[in-house]
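So the structure is just underneath, and the comments pick up after that.
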Amino acid sequence: TVHCTVRRQGLPPFFPAHAKLTTDAAMWARPLLRRSFPPRRSLSFSSDPFPRLLSSSSSPPASSPPEDPFCVAIIGSGPSGFYTAKYILQSLSPQKFGPSAPRVEVDIIERLPHPFGLVRYGIAPDHQDAKNVEEEFRRVMDSHPEHDPHGSAAYFGNVRVGRDVSLADLTDLYSAVVLATGAADADRALGVDGEGLDGVVSARRFVGWYNGHPEHVGTAAVARALGNGAGRAHAVVVGNGNVALDCARILSKGGSGLAGTDVTAAAGDVLGGGVGTVTVAGRRGHGQGAFTIKELREMTKLDKDGYGMQFVVRDGELDLGATPATAEEMKSANGGRPKTRIEKLLRSVASDGGDGDGDDGGTRRLHLRFLLSPVRFLPASDDPSRVGSVVFERTALSGPAGSQRATGTGELIEIPADLVVIS
Numbered sequence: 001t002v003h004c005t006v007r008r009q010g011l012p013p014f015f016p017a018h019a020k021l022t023t024d025a026a027m028w029a030r031p032l033l034r035r036s037f038p039p040r041r042s043l044s045f046s047s048d049p050f051p052r053l054l055s056s057s058s059s060p061p062a063s064s065p066p067e068d069p070f071c072v073a074i075i076g077s078g079p080s081g082f083y084t085a086k087y088i089l090q091s092l093s094p095q096k097f098g099p100s101a102p103r104v105e106v107d108i109i110e111r112l113p114h115p116f117g118l119v120r121y122g123i124a125p126d127h128q129d130a131k132n133v134e135e136e137f138r139r140v141m142d143s144h145p146e147h148d149p150h151g152s153a154a155y156f157g158n159v160r161v162g163r164d165v166s167l168a169d170l171t172d173l174y175s176a177v178v179l180a181t182g183a184a185d186a187d188r189a190l191g192v193d194g195e196g197l198d199g200v201v202s203a204r205r206f207v208g209w210y211n212g213h214p215e216h217v218g219t220a221a222v223a224r225a226l227g228n229g230a231g232r233a234h235a236v237v238v239g240n241g242n243v244a245l246d247c248a249r250i251l252s253k254g255g256s257g258l259a260g261t262d263v264t265a266a267a268g269d270v271l272g273g274g275v276g277t278v279t280v281a282g283r284r285g286h287g288q289g290a291f292t293i294k295e296l297r298e299m300t301k302l303d304k305d306g307y308g309m310q311f312v313v314r315d316g317e318l319d320l321g322a323t324p325a326t327a328e329e330m331k332s333a334n335g336g337r338p339k340t341r342i343e344k345l346l347r348s349v350a351s352d353g354g355d356g357d358g359d360d361g362g363t364r365r366l367h368l369r370f371l372l373s374p375v376r377f378l379p380a381s382d383d384p385s386r387v388g389s390v391v392f393e394r395t396a397l398s399g400p401a402g403s404q405r406a407t408g409t410g411e412l413i414e415i416p417a418d419l420v421v422i423s
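The sequence shown begins at 1 in my numbering and counts up one residue at a time.
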């Protein structure tokens, strides 16, 4: 039995804010196995015992459904699962398939109570426009036997395949089973000393924490790291992709800057008015960063947009990354133009870096660093179980355009850290 309290804004109408959710997973899985099915590819569903959580239509049937429906189970309700359901229903519709189109019944099975996967639990709360695709997914669930005799979709939440129902059972019950479960649900370790210190968390856990993922909403390491006041804390984000920039932006804006979004109330309280100093560090140069100019531009405008966070990038690190091979990459027809725009933007806001990544007399700063590779995490001086700083090694780029590698130079740089997010 799962017990959880939901505290989110902007919830779908079937999932009210502050709702108390109690669901017995076996209650959802058992009817799948109780249904009486003919052999595969000749399946006949009994009436659906589940609430159609996402269906809103109640129109009467247009015509009698054909016999022997084609039944598909899709395991996973993220974008890949819903798009698979959408195009199965479309491809086998009478409009596309012809008058001999079979009746199609799609069941989407999800281990979490709520659907939409990374759209709900991965996209940053201040990027609500990117979550509009949920409306398209809801329209998939409007395919209902009450008004569409040729195809329907149903959602079964809080059912874990392998625990509540076996894959073998599903392959026996359905014409086809699609595995749309996404990437492995595990974090990849850096393999450096001190990675197990309290306050070192993966980006997957951190993003799940502020987005209310049921398995990560209780990540207490973040609250402990920022517990003495986010405004006085130092956070380090290791990585130079869009996820790293998302994490840095959320830390910079804080709970007050995310008001009106669907960030969880608990995360908003912990983040407060935003972290005092945030450093984003990548082991290669700006020309090899995996972030897009849209994400970068948001970071450069945090102070101008009223979030009180100055953006800092160092001229010297941009120069170190400007190797002849990088210049050649900038001219490449395969992705060179976006990199050139990123370089132009970074050069326009670059400075000498000020007084490093430490406390700057109350000025909140977001540092974007390059050519730094973490070599160890050091414990805090007052608590050996908790992270206190990150030691980076300065790297240099070598190799031809398109395959430059970052190699250590031996120069070490230590940056304070109450919280480390590994992206």
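Even glycine gets a Cβ: it sits at the ideal position worked out from N, Cα and C.
C-alpha of Leu258 to C-alpha of Asp352: approximately 30 angstroms in a straight line. Judged by beta-carbon spacing, Phe137 lies within the 9 angstroms limit of Val119, meaning their Cβ atoms are closer than that value. The criterion of a C-beta distance shorter than 9 angstroms is not satisfied by Leu92 and Ala153. Sequence-distant Cβ neighbours of Ser202 in its own chain, meaning closer than 6 angstroms and more than five residues away, are Asp187 and Ile422.
Counted as a single uninterrupted DSSP element, the beta strand (DSSP E) harbouring Pro416 occupies residues Arg405 to Pro416. Rounded to the nearest whole angstrom, the CA to CA distance from Asp193 to Leu412 is 15 angstroms. For Val237, the enclosing beta strand (DSSP E) starts and ends at His234 to Val238. Of all alpha-carbon atoms in Arg103, Thr171, Leu190 and Ala225, the one lying nearest the alpha-carbon of Gly388 is that of Ala225. Secondary structure at Ser381: coil, using DSSP grouped into helix, strand and coil. Contact annotation, Phe82 with Val140: C-beta distance approximately 6 angstroms; criterion of less than 8 angstroms satisfied.
In the DSSP assignment, Asp107 falls within the beta strand (DSSP E) that extends over Val104 to Ile109. Tyr174 and Glu134 have their C-alpha atoms some 26 angstroms from each other. Assigned with DSSP and collapsed to three states, Glu317 falls in helix. Across the set Ala266, Ala267 and Leu197, the C-alpha of Leu197 shows the shortest separation from the C-alpha of Arg386.
Taking C-alpha positions only, Ala230 is separated from Ala223 by approximately 9 angstroms. Remark: C-beta atoms of Leu346 and Leu368 approach each other more closely than 9 angstroms.
By the Cβ rule, the stretch 331-341 does not count as touching the stretch 257-275, because fewer than three pairs are nearer than 8 angstroms. Going by C-alpha positions, Arg341 is about 21 angstroms away from Asp303.
In the DSSP annotation of this structure, Gly151 is not part of any alpha helix (DSSP H); the continuous beta strand (DSSP E) holding it starts and ends at Gly151 to Phe156.
Contact between the stretch 293-309 and the stretch 391-399 is absent, with fewer than three C-beta pairs closer than 8 angstroms.
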